[in-house]
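Engineer: Numbering (my numbering), first residue to last: 1 to 238.
The C-beta atom is built at its ideal place from N, Cα and C for all residues, glycine as well.
Computed from a prediction, not measured in an experiment: that's the story for all the values here.
Mind having a look at this structure? Questions to follow.
And the structure:
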């Protein structure tokens, strides 16, 4: 059964790939350029195979923290906004340079909830994805962290890019969502605390037992975790 699932992946034509902050950066917050280059090369190969690829990339705040050698994610919203502005610029600059090495062009798309919940805005976003696809351009999507404020954050923001990647998957009618992580997958217990834990290779039903296996979220530079990946899976398939 599991082998058939993996064979089916080869048939996917439109693919959304999500990469998190901990995958893009070293522990000190600096960019992991080797890993980013490998990502650019792999996605470019998919394009060369006539696949359509959309990249959902976290990292703006984490990269901003690395630029200023900050070890702890700031609590103040204003500082987060500033770091996101700096980090997003740096992130896209690096992506553009790396993908151009493989003769690929990228475009930035920053989204918030109203862009999806408002029907007119949603149609405009869908048209942007469609036209970028027609041009052979790889969209790189992130949340627009620079405009969030505490009082209305729940109304504006998706909360994490795992959720955003699932929303984008549904929006563009993608065949496949791949969420990259620095963890091998979902374990039956926390692999950092239990060396005897076992990898759950296939999840057929996201129930309370599976959710308990997911544990808490996140690295200090990011907002996601295994629980948000399960939430994303539910959004993508429902």
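Could you compute how far the alpha carbon of residue 77 sits from the alpha carbon of residue 143?
Structural biologist: Taking the chain shown and counting its residues from 1, the one referred to as residue 77 is at position 77. Taking the chain shown and counting its residues from 1, the one referred to as residue 143 is at position 143. Going from the Cα of residue 77 to the Cα of residue 143 covers about 15 Å.
Engineer: Closest to residue 197 by CA distance: which of 189, 203, 162 is it?
Structural biologist: For the purposes of this step, residue 197 is taken as the residue at position 197 of the chain shown. Nearest of 189, 203, 162 to residue 197, Cα basis: 189.
Engineer: Classify residue 20 as buried or exposed, calling it buried when 16 or more other Cβ atoms lie within 10 Å of its own Cβ.
Structural biologist: The sequence position of residue 20 within the chain shown is 20, counting from 1. So residue 20 ends up on the buried side.
Engineer: Short of 6 Å in beta carbon distance, which residues of its chain neighbour residue 133, apart from the five on each side in sequence? Order them along the chain.
Structural biologist: Residue numbering aside, residue 133 sits at position 133 when the chain shown is read from its first letter. The residues are 52.
Engineer: Mapping the DSSP letters down to three states, classify residue 112 as helix, strand or coil.
Structural biologist: Position 112 of the chain shown holds residue 112. Coil at residue 112, not helix or strand.
Engineer: Quick one: residues in its chain with C-beta nearer than 8 Å to the C-beta of residue 123, no 5 flanking neighbours on either side, listed in chain order?
Structural biologist: Along the chain shown, read from residue 1 onward, the residue named residue 123 stands at position 123. For residue 123, where only same-chain residues beyond five positions count, there are no Cβ hits under 8 Å.
Engineer: Report the partner residues of residue 55 according to the DSSP bridge assignment.
Structural biologist: Here residue 55 corresponds to residue number 55 of the chain shown, with the count starting at 1. The partner list for residue 55 (beta bridge, DSSP) reads 17, 140.
Engineer: For residue 54 and residue 175, I'd like the C-alpha separation in whole angstroms.
Structural biologist: Against the chain shown, residue 54 aligns to sequence position 54. Against the chain shown, residue 175 aligns to sequence position 175. Going from the Cα of residue 54 to the Cα of residue 175 covers about 12 Å.
Engineer: For the stretch 61–68 against the stretch 80–91, do three or more pairs of beta-carbon atoms, one drawn from each stretch, fall closer than 8 Å, so that the two count as touching?
Structural biologist: A contact exists between the stretch 61–68 and the stretch 80–91.
Engineer: Report yes if the C-beta distance between residue 41 and residue 94 is below 9 Å; otherwise report no.
Structural biologist: As a working note, residue 41 is residue 41 in the chain shown. As a working note, residue 94 is residue 94 in the chain shown. The answer is no: Cβ separation not under 9 Å.
Engineer: Could you give the distance in angstroms between the alpha-carbon of residue 125 and the alpha-carbon of residue 191?
Structural biologist: Here residue 125 is taken as the residue at index 125 of the chain shown, counted from 1. Here residue 191 is taken as the residue at index 191 of the chain shown, counted from 1. Their backbone Cα atoms lie some 39 Å apart in a straight line.
Engineer: Using the three-state DSSP reduction, which class does residue 105 fall into: helix, strand or coil?
Structural biologist: Position 105 of the chain shown, counted from the first residue, corresponds to residue 105. Looking at residue 105 - three-state DSSP - the assignment turns out to be coil, as it is neither helix nor strand.
Engineer: For residue 100, does the count of other Cβ atoms within 10 angstroms reach 16, so buried, or fall short, so exposed?
Structural biologist: In the chain shown, residue 100 corresponds to position 100, counting from 1. Exposed, by the Cβ-count rule.
Engineer: Terminal residues of the continuous alpha helix (DSSP H) containing residue 206?
Structural biologist: Position 206 of the chain shown, counting from 1, holds the residue named residue 206. No alpha helix (DSSP H) contains residue 206, which DSSP labels as neither H nor E.
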